[in-house]
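Okay, structure first, notes after.
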Amino acid sequence: MRRWNGWGDENTLFPFPDSAARYLAEQIGQGSSMTDAPFEQVLAFVPASRLSPHPLIQTDPAVRLLHARGHSLSDWVALRSGRMGAFPDGVAYPTGDQDIRSIIDYAQNSGARLIPYGGGTSVVGHINPLPGDSPVLTLDMGRLDGLLDLDQTSRLATFGAGVNGPHLEEFLNPRGYTLGHFPQSFELSTLGGWIATRSSGQQSFHYGRIEGLFAGGHLETPAGPLDLPLLPASAAGPDLRQIVLGSEGRLGVITRATVRIRPLPEREAFYGIFFPDWEAGVQAVRQIVQNGVPISMARLSNPLETETNLRLSGKDSLVSWAKRGLGLLRYGDQRCLLVIGVTGDPATTSLARHQALAIARRHGCLFTGTMIGKLWRKSRFLTPYLRNTLWEHGYAVDTLETAVPWSKVETTVREVLQAMDGALEPLNERVLAFAHLSHVYSDGASIYVTYLFRLSTDPDQTLERWGRLKSAASRVILSQGGTISHQHGVGLDHAPYLEAEKGPLGIGLLQSTAHYLDPDGIMNPGKLFK
Ligand SMILES: Cc1cc2nc3c(=O)[nH]c(=O)nc-3n(C[C@H](O)[C@H](O)[C@H](O)COP(=O)(O)OP(=O)(O)OC[C@H]3O[C@@H](n4cnc5c(N)ncnc54)[C@H](O)[C@@H]3O)c2cc1C
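If you read the sequence shown in the working numbering, its first letter stands for residue 146, the second for the next number, and so on.
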């Protein structure tokens with residue numbers, strides 16, 4: 146069963162050893178755990194629904210509580226402390242376009258606000274109901290989860306937008322295909338959510354981001370249905386698919402989507418490569434990408450992330466063996482780990498491995514083969530479970546991300562981490578903040594920052610710590626000209642920063658598009674922009 150106040154399935158655990166707990170205590174102090182509010186207690190806070198009856202809408206408190214929050218840090222604080230704020234007044238479970246039309250009509254007539262809900266894995270407040278006079282209706286897309294069409298000649302597959310990652314691949318894999326979109330939230334997130342947030346999968350360098358995979362589909366909007374035809378390319382004016390991508394539920398409900406699929410790869414491998422320092426690693430990765438080496442992913446951790454991941458991995462004997470070996474080879478504290486992937490046919494994957502290694506060796510790398518890569522692959526969707534473990538040990542963990550041109554990568558990483566390192570000093574608290582390059586492009590890279598700090602027994606203090614860290618980092622990101630989000634979207638948390646990126650005219654353009662399709666402002670108000 147899915148955890149109601151944490152990540153994933155209740156039966157999946159990610160324990161870490163005493164040595165990891167000791168490491169965190171040394172870095173940021175002993176964790177102080179909060180007592181979780183029990184489900185029944187939080188349920189008692191769910192107020193009476195303000196919605197009139199409708200055959201597709203459920204209003205029982207448990208369903209409403211389970212759809213009230215996503216996975217941002219403030220969502221977790223709310224769920225664990227029981228201080229929830231607003232709840233949706235009801236949850237609808239449509240099974241097709243007709244149902245969605247009927248729900249939109251109902252909302253227009255009753256003044257309700259609609260929140261499309263995919264897997265609820267948003268980390269920036271996308272699916273949270275806002276307090277106010279209007280009732281809020283959450284639209285759970287989970288029943289629109291079938292494979293509707295497979296055009297093998299064109300390699301296009303059409304799904305209901307509520308299909309989640311594992312289910313989508315279960316349809317494709319036995320037929321010899323894959324979408325290859327693997328965000329870390331793959332287990333729970335959905336195709337509609339990926340499109341609505343411009344999501345990025347871990348092997349985006351090979352398969353592409355969702356923008357490249359989304360070939361067309363269908364939306365139900367308050368102004369009527371909108372078809373996005375399946376055109377491989379078009380010069381007929383601006384591409385409407387680009388407006389739907391990242392629309393965060395503001396323009397309408399994506400009911401089905403067609404995606405570009407590929408044959409399952411014949412071969413795939415992930416390798417671990419150490420560099421003596423961050424600068425050498427960044428240069429090597431940039432040259433690998435800019436030389437067109439056909440890798441599928443490159444994930445380069447900075448020294449502190451390399452060290453912390455080794456410590457939290459729970460593989461104590463492996464870690465001490467690796468550290469001894471690296472020490473003997475004169476890889477000191479500044480060593481950085483690159484996990485690199487190759488995906489495709491045997492000739493391409495072996496060429497990619499050969500070319501990538503040749504470049505990495507010019508930057509003093511140590512190639513360690515597939516052992517680290519195999520561990521990474523095994524835990525690629527398990528790592529989010531570490532959030533549960535950390536919380537139980539009294540630590541909050543959150544992430545933030547941006548993308549900048551290569552010329553700004555090193556400065557941005559340095560300045561973001563520096564700003565975060567000092568952000569909790571006035572509160573006499575410490576932070577453990579580290580970074581990796583997670584997605585790479587010929588002109589730049591995304592920077593993904595993970596940060597841990599101690600929870601307070603007072604939820605407001607925990608939120609204050611988080612707010613200071615988040616705003617310190619966001620200010621630096623903007624000052625460096627980085628995007629406020631490379632892959633998580635805008636939602637509530639990034640909305641105040643969006644105008645700096647789009648400009649007032651750009652925001653106006655987005656607002657007027659939303660107003661054209663949704664004149665009464667019923668679709669997910671307050672998210673993305675006002
Ligand atoms: C542990 C963890 C790891 C993550 N890793 C990644 C990662 O590697 N890459 C990445 O890109 N993101 C990642 N995320 C963020 C999140 O998973 C993505 O934003 C994802 O795309 C959200 O999908 P969802 O189905 O859960 O959408 P939800 O969270 O349910 O909704 C997100 C937004 O999309 C809208 N929406 C959803 N479905 C529809 C629809 N059918 N029609 C219209 N609007 C819709 C919602 O209204 C909302 O505004 C991670 C999150 C967590 C918690």
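Glycine included, C-beta positions come from ideal geometry on N, C-alpha and C.
These numbers come from a predicted model, not from an experiment.
Item: Any non-hydrogen atom of ligand 2 within 7 Å of S330 CB; Value: This structure lacks ligand 2; the ligands present are ligand 1.
Item: Within 8 Å, strictly: CB atoms of F232 and L218; Value: no
Item: Per DSSP, the bridge partner or partners of M442; Value: G486
Item: beta-carbon M286 near ligand 1 non-hydrogen atom, thresh 7 Å; Value: yes
Item: Beta-bridge pairing of Q125 - partner residues as DSSP gives them; Value: In the structure as shown, the chain begins at 146 and stops at 675. Residue 125 is therefore absent and cannot be evaluated.
Item: Opening and closing residue of the beta strand (DSSP E) in which S583 lies; Value: 576-585
Item: Cβ pair L502, P439 closer than 8 Å; Value: no
Item: Inter-residue Cα distance where the pair is P374 and I260; Value: 25 Å
Item: Beta carbon of L673 nearer than 8 Å to that of A645; Value: no
Item: Segments assigned beta strand (DSSP E), at least 3 residues, entirely inside the stretch 234-302; Value: 235-237, 258-262, 281-285, 292-296
Item: Residue interval of the beta strand (DSSP E) (run including G416); Value: Checking the sequence, you will find Tyr at residue 416 rather than Gly. Segment 412-420, the beta strand (DSSP E) holding Y416.
Item: Distance, W521 Cα to L473 Cα; Value: 24 Å
Item: S587 burial status per 10 Å Cβ neighbour count (16 or more: buried); Value: exposed
Item: Residues of its chain near D478, where Cβ-Cβ distance is below 8 Å and the 5 sequence neighbours each way are ignored; Value: P448, E452
Item: Simplified DSSP assignment, three categories, for I399; Value: strand
Item: Beta-carbon gap between G391 and G634 smaller than 8 Å; Value: yes
Item: Whole runs of the beta strand (DSSP E) within the stretch 623-675, excluding any shorter than 3 residues; Value: none
Item: Option nearest T607 by Cα separation, candidates N273, R620, E574; Value: E574
Item: 8 Å Cβ cutoff, V438 in contact with chain C; Value: Note that chain C does not occur in the displayed structure, where there is just one protein chain.
Item: Candidates G230, C481, V404: closest to A425 by CA position; Value: C481
Item: For I406, the three-state DSSP class (helix, strand or coil); Value: coil
Item: Environment of K615 [buried if 16+ CB atoms lie within 10 Å]; Value: buried
Item: Whole-Å CB distance - E365 paired with R228, under 8 Å assumed; Value: 35 Å between Cβ atoms; not a contact.
Item: Exposed unless 16 or more other CB atoms sit within 10 angstroms - verdict on R469; Value: exposed
Item: Cut-off 7 Å between Cβ atoms - residues of its own chain near G346, not counting five sequence neighbours on either side; Value: G325, H326, F327, P328, Y352
Item: CB of A414 within 8 Å of CB of F420, strictly; Value: no
Item: Element boundaries [alpha helix (DSSP H), containing T342]; Value: 336-342
Item: Cβ neighbour criterion (16 or more within 10 Å) applied to P319; Value: exposed
Item: G394 Cβ short of 7 Å to ligand 1 heavy atom set; Value: yes
Item: Pick from N309, A541, G361 that is closest to I173, judged by C-alpha positions; Value: A541
Item: Three-state secondary structure assigned by DSSP to V191; Value: coil
Item: Candidates G361, G369, L409, R412, of which the one nearest V388 by Cα; Value: The residue asked about is misnamed: residue 388 is Ile in this sequence, not Val. Selected option, being the one with the closest Cα: G361.
Item: Counted within 10 angstroms of its Cβ, other Cβ atoms place E332 as buried (16 or more) or exposed; Value: buried
Item: Cβ-based burial, S177 [other Cβ within 10 Å; buried from 16]; Value: exposed
Item: Touch test, the stretch 235-242 against the stretch 593-607, Cβ-Cβ under 8 Å, three pairs minimum; Value: no
Item: Assigned secondary structure, T547 (DSSP; H/G/I helix, E/B strand, else coil); Value: strand
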